[in-house]
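See below for the structure under consideration.
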Amino acid sequence: MSNATTGSSRQARPTTKNQSTKPATKRPPGARAPGAAAKKRAPGGRATAATKRPASSRGARQAPRSGAAPGRRAPARASFRSRHPVLTALVPVAIVVAVIATMVLLKATGGSSPGASHPATSADTGTTALPAGILASLSVPTATLDAVGSPASVVPPTAIGGNGAILRGADGKPVVTYIGAEYCPYCAAERWALAVALSRFGTFSHLSGTHSGSADVYPDTQTLSFYGSSYSSPYVDFQPVEEATNQQVGGTYQALQTPTAAQSSLMSTYDTAGSIPFLDIGNRYVITGASYSPQVLQGLSRQQIAAQLSDPSSPVAQAIDGTANDITAAITNVTGSQPSSVASSPAIAAIAKKLGA
Amino acid sequence: MAVAATARATTHPRLVRTWAMAASLALSLTALGIASYLTLTHYSDPAALACPDTGIVNCTLVTTSSWSVMLGIPVAVLGLVWAAVMTALTVPWAWRSSRPWVDRARLAVSGAGAAMVLYLVYVELFRIGAICLWCTAMHVTAVCLFGVVLAARVPAPPGDPGRSAG
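Note that the protein sequences, when read in sequence, are chains A and B.
Each residue of the first sequence is one higher than the one before, counting from 170 in the working numbering.
Each residue of the second sequence is one higher than the one before, counting from 14 in the working numbering.
Take a look at the structure:
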């Protein structure tokens with residue numbers, strides 16, 4: 170059921186060519202390789218080897234320090250090796266440990282923050298933790314959201330009838346069900362709006378950054394992933410399902426989560442084409458497919474997208490904030506206009522009325 | 014030449030310290046256990062990993078990220094294969110083997126493990142932004158194993174009671 174939106178766009182992942190273009194170093198005929206004299210040393214690098222160094226070698230041209238005899242360092246090194254053979258043997262391990270310690274230090278001092286300003290490149294295939302700045306930007310100011318309203322370019326949720334009971338979770342709160350996948354570019358677009366809308370009702374933690382499939386339509390659309398995240402809200406029960414990653418294994422995307430029987434039932438009832446993303450709001454409103462075109466996000470990093478959310482005139486805000494307003498209004502219609510601070514904002518009140526309670 | 018010949022004779026793989034044999038096998042078995050657990054959870058429920066979720070430590074985020082698969086093979090499976098090979102190369106029979114390729118393979122495979130650790134630590138810190146405790150345990154084991162293999166190549170002093178003549 171998860172392939173409808175990306176359909177025939179699946180292709181084999183392009184093979185990364187090994188472009189080893191480093192030319193071979195050419196040496197003039199007769200010239201000796203650097204270190205050739207050292208290779209002449211006796212096995213074990215003993216003192217006798219150093220004394221055999223040719224007079225024309227580099228070390229021999231250097232003036233001896235403090236009257237030391239030329240080549241004195243070599244026997245010293247050999248002596249250290251013979252006195253501490255185990256320590257010498259462990260030098261590679263020390264290098265490994267030093268490199269790891271350096272990376273940890275760089276990380277601790279804030280160097281190269283993951284997910285920061287990720288350009289949309291096919292080489293970047295990882296899921297990263299989101300910087301605090303992006304998380305904060307999901308809480309778009311109410312004035313900005315009201316200014317955006319519900320643009321005509323955004324497809325609103327579909328009301329699915331008001332006779333049935335609102336779908337509620339175990340704690341009695343209306344359930345918002347999202348089913349998507351990390352490779353899906355339409356899900357990539359919809360997640361931004363859903364995250365902005367839900368940020369008005371509660372708090373996300375451990376949201377991660379990801380992007381749509383590199384070999385799919387709208388490749389590498391930068392987005393968030395709900396997988397591994399948690400959401401707490403006194404008003405709604407958010408139940409996200411990310412069915413697959415953006416990485417292909419044997420021609421298919423690696424599976425992540427499977428919808429429950431109840432979620433599958435919702436999807437088969439209201440999304441007969443089985444396309445993703447699928448969003449069900451309290452069993453009163455559904456969204457199948459993206460509410461706006463992922464083209465809006467093409468070529469933008471997550472930080473660039475996040476930065477435009479607070480600019481009501483930007484195409485990104487028109488698309489994401491506009492969709493978020495529609496979702497927000499639908500949610501307030503199933504929460505009994507709670508919280509009132511959200512439901513009473515001019516844009517939300519108008520959209521909620523239009524959607525029909 | 015006589016000196017060199019003597020040096021080679023003392024590095025004969027049959028003359029290996031007993032502690033190195035025991036330590037390397039213990040580390041290999043530890044790696045095998047950790048890799049088996051990571052592989053099992055990879056194919057069952059990655060979120061079931063016994064691991065705290067305290068922000069920077071997030072096993073699920075690491076083991077389910079896009080980076081958890083290399084060339085279509087889960088990294089957990091690669092780790093399992095590596096640990097199995099290292100176990101085979103560090104059993105007493107392998108240490109006492111007079112075949113030179115066994116010694117070279119042990120060094121190469123343990124070195125490759127250490128190199129892989131560098132790559133995976135980089136990915137965890139700078140690409141995923143989270144650390145997996147089980148993966149870290151595997152990394153520590155791999156680096157220690159590399160160290161033991163290197164240390165074992167140092168010739169034991171003649172008459173060392175702690176060496177095994179096989």
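Think of the CB as a built atom: it goes at the ideal place given N, C-alpha and C, for glycine as much as any other residue.
For clarity, every value in this text was computed on a predicted model and none was experimentally measured.
Buried versus exposed, by CB contacts within 10 Å (16 or more), residue i
| i | result |
| --- | --- |
| Gly85(B) | exposed |
| Pro354(A) | buried |
| Leu256(A) | exposed |
| Ala521(A) | buried |
| Arg453(A) | buried |
| Val262(A) | buried |
| Trp106(B) | exposed |
| Ile496(A) | buried |
| Ile456(A) | buried |
| Ala358(A) | buried |
| Arg117(B) | exposed |
| Val273(A) | exposed |
| Val309(A) | buried |
| Tyr56(B) | exposed |
| Tyr400(A) | buried |
| Val94(B) | exposed |
| Val260(A) | exposed |
| Lys276(A) | buried |
| Tyr132(B) | exposed |
| His380(A) | buried |
| Arg140(B) | buried |
| Gly160(B) | buried |
| Asp389(A) | buried |
| Ser514(A) | buried |
| Asp385(A) | buried |
| Thr504(A) | buried |
Three-state class that DSSP yields for residue i in the structure shown
| i | result |
| --- | --- |
| Thr441(A) | coil |
| Glu412(A) | coil |
| Val368(A) | According to the sequence as given, residue 368(A) is Ser; it is not Val. Three-state DSSP puts Ser368(A) in coil, outside helix and strand. |
| Asn494(A) | helix |
| Ala63(B) | coil |
| Ala152(A) | Here chain A comprises residues numbered 170 to 526, so residue 152(A) is not present and cannot be evaluated. |
| Val70(B) | strand |
| Ile329(A) | coil |
| Gly213(A) | Because the pLDDT of Gly213(A) is 37, which lies under 50, any placement of that residue in the model is unreliable, and the number read from its coordinates should be weighed accordingly. Note: Gly213(A) maps to coil in three-state DSSP. |
| Tyr454(A) | strand |
| Gly302(A) | helix |
| Val345(A) | strand |
| Thr427(A) | coil |
| Asp315(A) | helix |
| Ala206(A) | Note on Ala206(A): pLDDT 38, under 50, position unreliable in the model; no value is reported. |
| Ser374(A) | strand |
| Thr77(B) | coil |
| Val307(A) | The residue you asked about is not Val; residue 307(A) is Leu in the sequence shown. Three-state DSSP puts Leu307(A) in coil, outside helix and strand. |
| Val485(A) | helix |
| Val324(A) | coil |
| Leu84(B) | coil |
| Val386(A) | coil |
N- and C-terminal bounds of the alpha helix (DSSP H) containing residue i
| i | result |
| --- | --- |
| Gly505(A) | Unbroken run through Gly505(A): none, as it is neither H nor E. |
| Asp116(B) | 113–135 |
| Gly160(B) | 146–165 |
| Ala339(A) | No alpha helix (DSSP H) contains Ala339(A), which DSSP labels as neither H nor E. |
| Gly378(A) | Careful: Gly378(A) lies outside any alpha helix (DSSP H), inside the beta strand (DSSP E) at 377–380. |
| Ser49(B) | 31–56 |
| Ser510(A) | 509–512 |
| Thr392(A) | Unbroken run through Thr392(A) is the beta strand (DSSP E), 391–394; no alpha helix (DSSP H). |
| Leu93(B) | 88–103 |
| Leu524(A) | 515–524 |
| Ala476(A) | 471–477 |
8 Å contact criterion, which residue i and residue j should meet: CB distance rounded
| i | j | result |
| --- | --- | --- |
| Pro426(A) | Tyr396(A) | One point to set straight first is that residue 426(A) is Gln, not Pro, in the sequence displayed. Contact flag correct, Cβ pair sits at about 7 Å. |
| Ala97(B) | Leu51(B) | That belief does not hold up - the Cβ atoms of Ala97(B) and Leu51(B) are roughly 13 Å apart, past 8 Å. |
| Pro446(A) | Ala431(A) | About 18 Å; that fails the 8 Å criterion. |
| Ser374(A) | Ser398(A) | 7 Å |
| Pro484(A) | Val465(A) | 5 Å |
Unbroken beta strand (DSSP E) run spanning residue i, endpoints
| i | result |
| --- | --- |
| Ile269(A) | Run containing Ile269(A): none in the beta strand (DSSP E); it sits in the alpha helix (DSSP H), 260–277. |
| Ala424(A) | 421–424 |
| Ser399(A) | 399–401 |
| Leu466(A) | Taken as a continuous stretch (DSSP letters only), Leu466(A) belongs to no beta strand (DSSP E), as it is neither H nor E. |
- Task: Give the residues from the segment 132–150 of chain B that approach chain A closer than 8 Å (Cβ to any Cβ), ordered along the chain.
- Result: Val134, Tyr135, Val136, Leu138, Phe139, Arg140, Ile141, Gly142, Ala143
- Task: Note down, in chain order, all residues in the segment 387–401 of chain A with a beta-carbon under 7 Å from any beta-carbon belonging to chain B.
- Result: Tyr396, Gly397
- Going along the segment 404–423 of chain A in order, which residues come within less than 7 Å of chain B, judged by CB to CB distance? Thr414, Asn415, Gln416, Val418, Gly419, Gln423
- Query: For the segment 489–505 of chain A, which residues have a beta carbon sitting closer than 7 Å to at least one beta carbon of chain B?
  - Reply: none
- Item | Residues from the segment 105–131 of chain B in contact with chain A, defined by Cβ distance under 9 Å | Gly124, Ala127, Ala128, Val130, Leu131
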